[in-house]
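To start, the structure under review is shown below, and the notes come after it.
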């Protein structure tokens with residue numbers, strides 16, 4: 175009689191089959207690791223995005239993959255320190271310069287499956303998103319600077335116009351005053367005649 179808590183080789187193979195089937199349908203890169211961080215499988219998106227083959231990947235330890243390019247300190251900390259305690263981590267942002275590929279900014283999500291202790295690691299490449307965010311932030315900063323400069327120019331122009339208006343009103347008032355004086359002089363002159 176089999177103990178319900180005992181996981182058989184068959185159960186592990188069935189579990190792996192379902193995980194691989196699931197990961198193969200996903201657009202984002204996935205790695206399936208055993209509890210010692212050896213790669214059991216990866217999906218086509220992983221192979222394509224990180225320019226590796228199945229032969230170069232499966233059976234290797236994640237830290238040895240691509241001549242050590244996955245020996246990323248942040249990833250190590252997540253897998254070895256956080257995952258064993260929490261069994262899951264979500265949206266950990268990591269940037270790394272991959273030889274031949276360039277710098278990639280990634281969101282890492284992982285879950286350790288209770289039954290088999292296998293680890294499902296999802297990798298979302300957000301490099302383009304972050305680049306767009308930086309460009310947008312720079313554009314916004316430039317736009318705000320431009321608006322601020324134009325606002326300052328308008329303020330200066332408004333102040334100049336206010337001064338001119340003050341001079342013009344003062345001049346008008348002086349003209350009215352002179353006109354009244356002129357009329358008063360004419361009236362006085364007319365009365366003296």
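Numbering (the numbering used here), first residue to last: 175 to 367.
Glycine included, C-beta positions come from ideal geometry on N, C-alpha and C.
Classify residue i as helix, strand or coil using the three-state DSSP reduction.
i: residue 386; result: The chain is shown only over 175 to 367; residue 386 falls outside these bounds and no answer can be derived.
i: residue 220; result: helix
i: residue 215; result: strand
i: residue 246; result: coil
i: residue 178; result: Note that residue 178 has pLDDT 48, beneath the 50 cutoff, so the model's placement of it is unreliable and no number is given.
Could you give the C-beta distance for residue i and residue j, rounded to a whole number, given that I count them as a contact under 8 Å?
i: residue 266; j: residue 250; result: Between residue 250 and residue 266 the Cβ distance is about 12 Å, and since that is not below 8 Å, they are no contact.
i: residue 292; j: residue 213; result: 11 Å between Cβ atoms; not a contact.
i: residue 226; j: residue 246; result: Contact doesn't hold; Cβ gap of about 15 Å is too wide.
i: residue 272; j: residue 230; result: The pair is not a contact, with the Cβ atoms about 14 Å apart (cut-off 8 Å).
Using C-beta distances below 7 Å, list every residue in its chain close to residue i, excluding the 5 sequence neighbours before and after it, in chain order.
i: residue 298; result: 202, 280 and 281
i: residue 223; result: 203 and 299
i: residue 256; result: 263
Closest to residue i by CA distance: which of the options is it?
i: residue 260; options: 321, 274 and 287; result: 287
i: residue 206; options: 340, 294, 317 and 326; result: 294
i: residue 305; options: 285, 257, 289 and 278; result: 278
i: residue 296; options: 326, 275, 233 and 219; result: 219
i: residue 258; options: 316, 208 and 330; result: 208
i: residue 248; options: 232, 228, 241 and 270; result: 270
i: residue 241; options: 367, 254, 274 and 308; result: 274
i: residue 254; options: 358, 336, 335 and 285; result: 285
Can you give me the Cβ contacts of residue i inside the same chain, cut-off strictly under 6 Å, excluding the 5 residues immediately before and after it?
i: residue 264; result: 283
i: residue 175; result: Here the model assigns residue 175 a pLDDT of 41, short of 50, so the residue's position is not dependable and the matter cannot be decided.
Grab me the residues of residue i's own chain with a C-beta within less than 8 Å of its C-beta, minus the 5 sequence neighbours each way, in chain order.
i: residue 235; result: 210, 211, 212 and 213
i: residue 323; result: none
i: residue 232; result: 213, 214, 215 and 216
Task: Segments assigned beta strand (DSSP E), at least 3 residues, entirely inside the stretch 259 to 302 - done: The qualifying runs are 262 to 272, 276 to 286 and 293 to 299.
Open item on the list: Please give me, in chain order, every unbroken run of the beta strand (DSSP E) with length at least 3 that falls completely inside the stretch 312 to 339.
Closed with: Listed in chain order, there is nothing to give.
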